[in-house]
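Undergrad: Pasting a structure below so you can have a look.
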Amino acid sequence: MQSKEHSWGKLIKLHRQKQQLKQDDVAFGICTPSYLSRIENGMVIAEQAIYEQLLARLGINLMDQQFKQQEQISFLEELYEKLLSNESLHQKAIEKLMQMQSFGVQLEEDLFAKLVYSRYLLSIKEDDQARNLLLEIEPFIHWKHDRLTQLYVAITGFAYLSFLEFAEFVEREERLPCAHYLQTATSFEQANYYYHLAFAYHRNYNFQKALIHIEKASATFSHQYKPLFQLKIYSMKGVIYNDLHRFQEANVEFNAGLDLLNHVTAIQTPMQWSSIHNNIAYCYECQGLFEQAVHHYKIANESEEDLLAIINWMRACYQLGDFNLLHKLLNKYPFEQFSVQHQKYQWRLLQFACKKEITLESLKALDEEIFPYFMEQDYYSLTLFYAPLWGQFYEQLHAYKQSAKCYKMAFTASEKVRQRMSS
1371 MQSKEHSWGK LIKLHRQKQQ LKQDDVAFGI CTPSYLSRIE NGMVIAEQAI YEQLLARLGI
1431 NLMDQQFKQQ EQISFLEELY EKLLSNESLH QKAIEKLMQM QSFGVQLEED LFAKLVYSRY
1491 LLSIKEDDQA RNLLLEIEPF IHWKHDRLTQ LYVAITGFAY LSFLEFAEFV EREERLPCAH
1551 YLQTATSFEQ ANYYYHLAFA YHRNYNFQKA LIHIEKASAT FSHQYKPLFQ LKIYSMKGVI
1611 YNDLHRFQEA NVEFNAGLDL LNHVTAIQTP MQWSSIHNNI AYCYECQGLF EQAVHHYKIA
1671 NESEEDLLAI INWMRACYQL GDFNLLHKLL NKYPFEQFSV QHQKYQWRLL QFACKKEITL
1731 ESLKALDEEI FPYFMEQDYY SLTLFYAPLW GQFYEQLHAY KQSAKCYKMA FTASEKVRQR
1791 MSS
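Written as structure tokens, this is what we have:
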């Protein structure tokens, strides 16, 4: 935040303009109009008595104004802490936050309120409204080590994740290292930002950098009792280790997460049980331990039905060779139930792969529609599984040119992952 004197200058200007008074009218007997102009624009810092007299002439008590501002900032900080901790907000608090949303950005308290409101909007998936608000705020950010810059950096980072703009988030951090703006923020806020960076780097296949940032998050967060966030760190670290093929270390993190879930009732939600078992299942799948993978995908979906875990379960069934269970799952969860594009494509590929008779034309139709999408969207792990499978199907039909094309596609995906992992 700017100095209190700069805030007082803005406050004087705001209320003078609201009351349609000239600078001469307000300054008379206190200071010159030109000096008032410099006070209003933050070009000089006057004695506190001057500010008190100028505000009094506008009908404002400086002490009351300071108390009101501190009360508002404390309320907003408390709300922001709850949003970071994934705690639900009381309806009265939400209504109060909405009442603080002025039509313009006149005082720094207005900026603060808008930033916290944008974070609230992201938490309820009103992403477009949040982005528009952040774009409105952006020109007023000074990019200094102040509270407003800290909030803007952290909230826009979270917004990148909400919009699945992982590469853009990574690019911003590489171009303009923003983490240093949070050096004076609370350790929990710093840990959150490192966690979000780790998430973005991981989804951008920069696994080594993802590991660096999740370790920073873990170190910064130590000795705090926020079990849900600790669970997120265990899970994220396990996922990163898994993609680095450090499976034993991944299992240590996932087991720590399970242990935490078993002992902290407050975080024992169906979603958390499903998520941790889905991660464990995928870890087994990556090791070729398909029976264990199917077992944990089943547990994940018994906790809470999740379409991502379901499509993963189907894929593991295929790899295990349990076509009876796969057919049951395909019938229980039909194509129409899926809305995410890569899940819909996987459903079609798996359903086709179960057919006893395949034709070259049907193979090519799916190949040409789906695999370019996987590559364009950087779904390299999906390409690495399905492209070689299609290559085998082409080989069975003696379509060796098409088969070679699929194997080449898988090799390209593998190289892209390797390049990003080593960057």
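Numbering (my numbering), first residue to last: 1371 to 1793.
Don't be surprised by glycine CBs; every beta carbon is placed ideally from N, CA and C.
This structure is a prediction, so every number in the text was calculated from the model and none was measured.
Output yes or no for whether 8 Å exceeds the beta carbon distance between residue 1575 and residue 1791.
TA: The sequence position of residue 1575 within the sequence shown is 205, counting from 1. The sequence position of residue 1791 within the sequence shown is 421, counting from 1. Contact flag set, yes.
Undergrad: Going by beta carbon distance, what residues of the same chain come within less than 7 Å of residue 1526, once the five residues before and after it are set aside?
TA: Numbered from 1 along the sequence shown, position 156 holds the residue referred to as residue 1526. For residue 1526, where only same-chain residues beyond five positions count, the Cβ hits under 7 Å are 1504.
Undergrad: Roughly how many angstroms lie between the CA atoms of residue 1371 and residue 1644, to the nearest whole one?
TA: Sequence index remark: in the sequence shown, residue 1371 carries index 1 (1-based). Sequence index remark: in the sequence shown, residue 1644 carries index 274 (1-based). Summary for residue 1371: the model assigns pLDDT 48, below 50, so the residue's position carries little reliability, and this model does not support an answer.
Undergrad: In terms of alpha-carbon separation, which member of 1408, 1517, 1761, 1787 lies closest to residue 1479?
TA: In the sequence shown, counting from the first residue as 1, residue 1479 sits at position 109. Closest by alpha carbon: 1517.
Undergrad: Which whole-angstrom value is the C-beta distance of residue 1589 and residue 1610, which I expect to be below 8 Å?
TA: As a working note, residue 1589 is residue 219 in the sequence shown. As a working note, residue 1610 is residue 240 in the sequence shown. Not really, about 15 Å apart at Cβ, beyond 8 Å.
Undergrad: Look at the alpha carbon of residue 1561 and the alpha carbon of residue 1591, and state the distance between them as a whole number of angstroms.
TA: Within the sequence shown, residue 1561 is the residue found at index 191, counting from 1. Within the sequence shown, residue 1591 is the residue found at index 221, counting from 1. The straight-line gap from Cα to Cα measures roughly 6 Å.
Undergrad: Give the DSSP-derived three-state secondary structure of residue 1692 in the structure shown.
TA: Stepping through the sequence shown from its first residue, residue 1692 is reached at position 322. In the structure shown, residue 1692 sits in coil (DSSP, three-state: anything other than H, G, I, E or B).
Undergrad: DSSP three-state label for residue 1371, please.
TA: Working through the sequence shown from its first residue, we reach residue 1371 at position 1. A caution first: residue 1371 carries a pLDDT of 48, below 50, which makes its placement in the model unreliable, though a value can still be read off. Here DSSP, grouped into helix, strand and coil, assigns residue 1371 to coil.
Undergrad: Buried or exposed for residue 1494, please, with buried defined as at least 16 other CB atoms from any protein chain shown within 10 angstroms of its CB.
TA: Counting from one through the sequence shown, the residue named residue 1494 turns up at place 124. Flag for residue 1494 reads exposed.
Undergrad: Ends of the alpha helix (DSSP H) at residue 1601?
TA: In the sequence shown, the residue the question calls residue 1601 occupies position 231. Per DSSP, residue 1601 belongs to the alpha helix (DSSP H) from 1597 to 1613.
Undergrad: Hey, how far is the Cα of residue 1699 from the Cα of residue 1684?
TA: Along the sequence shown, one-based indexing puts residue 1699 at 329. Along the sequence shown, one-based indexing puts residue 1684 at 314. Rounded to whole angstroms, residue 1699 to residue 1684 spans 7 Å at the Cα level.
Undergrad: Does DSSP put residue 1547 in a helix, in a strand, or in coil?
TA: Start at 1 with the first residue of the sequence shown, and residue 1547 comes out as number 177. Residue 1547 falls in the coil class under three-state DSSP.
Undergrad: So, helix, strand or coil for residue 1676, using DSSP?
TA: Numbered from 1 along the sequence shown, position 306 holds the residue referred to as residue 1676. Reduced to three states, the DSSP call for residue 1676 is coil.
Undergrad: Taking a contact to mean a Cβ-Cβ separation below 8 Å, would you say residue 1686 touches residue 1706 in this structure?
TA: The residue labelled residue 1686 in the question sits at position 316 within the sequence shown. The residue labelled residue 1706 in the question sits at position 336 within the sequence shown. Going by C-beta atoms, residue 1686 is not nearer than 8 Å to residue 1706.
Undergrad: Name the residue from 1660, 1486, 1666 whose alpha carbon lies nearest to the alpha carbon of residue 1445.
TA: Translated into positions along the sequence shown, residue 1445 becomes position 75. Residue 1486 is the option with its Cα nearest to residue 1445.
Undergrad: Tell me the residue span of the alpha helix (DSSP H) that contains residue 1622.
TA: In the sequence shown, residue 1622 corresponds to position 252, counting from 1. Element bounds for residue 1622: 1617 to 1633.
Undergrad: What is the DSSP secondary structure of residue 1656, reduced to helix, strand or coil?
TA: Indexing the sequence shown from 1 puts residue 1656 at position 286. Residue 1656 falls in the helix class under three-state DSSP.
Undergrad: What three-state label does DSSP hand residue 1776 in the structure shown?
TA: The sequence position of residue 1776 within the sequence shown is 406, counting from 1. In this structure, residue 1776 counts as helix in the three-state DSSP scheme.
Undergrad: Does the region 1594 to 1608 come close enough to the region 1618 to 1631 to have 3 or more Cβ pairs within less than 8 Å?
TA: yes
Undergrad: What do you reckon, are the CB atoms on residue 1670 and residue 1648 nearer than 8 Å?
TA: What you label residue 1670 is simply residue 300 of the sequence shown in a count that begins at 1. What you label residue 1648 is simply residue 278 of the sequence shown in a count that begins at 1. Cβ atoms of residue 1670 and residue 1648: closer than 8 Å.
Undergrad: If we count the other Cβ atoms within 10 Å of its Cβ and call it buried at 16 or more, is residue 1675 buried or exposed?
TA: For the purposes of this step, residue 1675 is identified with residue 305 of the sequence shown, where counting begins at 1. Exposed, because fewer than 16 other Cβ atoms sit within 10 Å of the Cβ of residue 1675.
Undergrad: Could you tell me whether the region 1423 to 1437 touches the region 1384 to 1404, where touching means 3 or more Cβ pairs closer than 8 Å?
TA: yes
Undergrad: Is it the case that the region 1716 to 1727 contacts the region 1764 to 1777, given that we only count it when at least three CB pairs across the two stretches are under 8 Å?
TA: no
Undergrad: Can you list, in chain order, the residues of its chain with a C-beta nearer than 8 Å to that of residue 1468? Leave out the 5 residues immediately preceding and following it.
TA: Position 98 of the sequence shown holds residue 1468. Around residue 1468: 1487.
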